[in-house]
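> Per the numbering used here, the sequence shown starts with residue 327, numbered consecutively. Note that beta-carbon positions come from the ideal geometry of N, C-alpha and C, so glycine has one too.
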Amino acid sequence: MLLEVKNLKKYFPVAKTFIERLLTREERYVKAVDGISFSMEEGGVFSLVGESGSGKTTTGKLVLRLIDPTAGQITFQGRDITSLSQKKLRPLRKHMQIIYQDPYASLNPRMRVGEAIMDPLLIHKIAEGEEAKNMVLEMLEKVGLTPPEVFYDSYPAYLSGGQRQRVAIARAMITRPKLVVADEPVSMIDVSLRASILDLMMDLRKEFGLAYLFITHDLAVAKYISDKIAIMYLGKIMEMGKTRDLFRDPLHPYTKALLSAIPVPTPGKSRERIKLKGEIPSAIDIPPGCRFHTRCPMRFDLCDKEEPQLKEMKPGHFVACHLYS
Ligand SMILES: Nc1ncnc2c1ncn2[C@@H]1O[C@H](COP(=O)(O)OP(=O)(O)O)[C@@H](O)[C@H]1O
Ligand SMILES: [Mg+2]
C-alpha cells in the first residue's frame, strides 16, 4: 500500500474577538477534516470530490504533512509519518509532490522556467549542472513545452495558464515522485485546454508509475480519470468506492444529487436533476447527527440524532447513511 490514512482530523482554532475572550473560555474550531480513513495503491488515481469547503485541500496538505494533523494516522510506503519532524520528512519529500490549483500563484515570477523545474533536483541533491539541465530539458519535452530550449529560458509571465500548469507538472515530476497530490489542477485553466492537461497527467502516471490523490469539485472530471472516488462533505467521507461502482450504483443521497448534475451526453435522454436545498453549512457549526441531514431529500427522524458510520455495503463500496443501516 502506498498511502494509508486512519481517522485523520484537522481542527483549526477560530480566532476570538476581544469581547468573546472576556465572555467565554470555550475554544471554537473549524472542523475542516473530521475523521477520514482511506488507502491508496501504488500507481492508482484516487479522487476526493466535494463542494467547496468540504475539506479536500486540507486533506491533501495533511497527507503530505504540509500541515500538522490534529488527530489520526498517516502511513506512507509502510512508514508512519504522522509525527515525523520536518527534518526527518525531508528525504521523503522527493517521493511526494503537489500540483496547486492556481498556476499563476504557484511559480516564482523572478525564476526562469528552467530554474523553477531544476530547483527540486538541487534541493534533494539528485543532480546538478549539465546533468540537471538535461533532465529539465527532457522533462519540458515530456510535458509538451517545445522547443524545450526556448521554454527553459522564459519567464512565467510570458506563458499562458495552461503552459504554466505544464511547468508546475514538470516541477512536480522531476524528482520521480510516487505520490502526487493534484489540487484542482485544471479548474483555473481554460475549458478548451483541460482535457489535454488531464491526458498529459495520465500519460505521465503510466510512464513514471506514480499515483495521484486528485482533488476536484467536478464529479465528471473524477469519472474520467480515477479508479477510486471518495465523496466528501463537511470534513467527512460520505461514500467511497471504485469509480465504476459509484457511477453504476450510487448509494448516498448526496452522491446521487452530485451525479444528477452531470449533463447526459445522449440527446433526448435526460436524468432527473436532484436539487439540494440551501448551501453547505459552516464547518464551525456542523449539523448534529448526519451532517448532510439539513439538505437531504431522504432525511428521516434518525438523521438529526445519530451520526451514521461509514459501512461497507459491497466489497470496496462504502457509504455513511442511515438508509443503509
Ligand atoms: N488555515 C485555515 N484556517 C482556518 N480555517 C481553514 C484553514 N484552511 C481551511 N479552512 C477551513 O476549512 C474548511 C475546509 O477547507 P478546504 O480544505 O480548503 O476545503 P475544500 O478544498 O474542499 O474547498 C473550510 O471551512 C475552510 O474555510
Ligand atoms: Mg480546495
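Buried or exposed: S378, going by 16 or more other Cβ atoms within 10 Å of its Cβ?
exposed
> Just to confirm the assignment, what range does the beta strand (DSSP E) spanning M528 have?
Segment 517-534 is the alpha helix (DSSP H) holding M528; no beta strand (DSSP E) there.
> Can you tell me whether P473 is buried or exposed? The criterion is at least 16 other CB atoms within 10 Å of its CB, across all chains shown.
exposed
> Would you say the segment 428-437 touches the segment 471-486, given that touching needs at least three Cβ pairs under 8 Å?
yes
> Cβ atoms of F402 and L466: under 8 Å apart, would you say?
no
> Kindly indicate which three-state DSSP category G361 falls into: helix, strand or coil?
strand
> Nearest CA to the CA of P589: which residue from R617, I563, D544, F618?
D544
> Using 8 Å as the cut-off, can you tell me whether the segment 547-555 makes contact with the segment 360-376, which would need three or more C-beta pairs spanning the two stretches below that distance?
yes
> Is V389 near ligand 1, with its Cβ less than 7 Å from a heavy atom?
no
> Compare the Cα-Cα distances from T501 to each of P429, E464, D406, I563 and report the closest residue.
E464
> In terms of DSSP beta bridges, what is D571 paired with?
For D571, which the question treats as bridged, DSSP gives no partner whatsoever.
> Tell me where the alpha helix (DSSP H) around E441 begins and ends.
439-449
> Considering only residues of the same chain and omitting the five flanking positions on each side of K603, which have a CB-CB separation below 7 Å?
R621
> Which residues share a DSSP beta bridge with R405?
According to DSSP, which records beta bridges pairwise, R405 is partnered with F402.
> Using the Cα positions of G567 and S411, report the straight-line distance between them to the nearest angstrom.
Computed Cα separation, rounded: 33 Å.
> Measuring CB atoms only, is the segment 559-573 touching the segment 523-531, in the sense that at least three cross pairs come out at less than 8 Å?
Cβ pair count under 8 Å is below three, so no.
> Measuring from the CB of S380, is there a heavy atom of ligand 1 at a distance below 7 Å?
At least one heavy atom of ligand 1 lies closer than 7 Å to the C-beta of S380.
> Taking only runs of the alpha helix (DSSP H) that begin and end inside the segment 444-499, which ones reach a length of at least 4 residues, in chain order?
Listed in chain order, the alpha helix (DSSP H) elements of length 4 or more contained wholly in the segment 444-499 are 455-468, 474-479, 487-499.
> Taking C-alpha atoms, which residue in A609, G470, V476 lies nearest to E441?
V476
> Closer than 8 Å by C-beta to P607: which residues in its own chain qualify, once you throw out the five before and the five after it? Chain order, please.
L560, P613, R617, T620
> Could you tell me whether the Cβ atoms of A288 and K335 are closer together than 8 Å?
Nothing can be reported for residue 288, as the shown portion of the chain is limited to 327 through 651.
> Using a threshold of 8 Å, state whether the C-beta atoms of A496 and V469 are closer than that.
yes
> What residues are listed by DSSP as bridge partners for V645?
E565, K637
> Decide yes or no for the touch test of the segment 377-393 against the segment 444-461: beta carbon pairs closer than 8 Å, at least 3 of them.
no
> In terms of alpha-carbon separation, which member of E368, E510, I425, L448 lies closest to M499?
I425
> Using DSSP with H/G/I as helix, E/B as strand and the rest coil, what is S432?
coil
> Do V462 and I443 have their C-beta atoms closer together than 8 Å?
Yes, these two residues count as a Cβ contact at 8 Å.
> Residue range of the alpha helix (DSSP H) that T542 falls in?
Premise fails: T542 lies in the beta strand (DSSP E), 537-542, not in any alpha helix (DSSP H).
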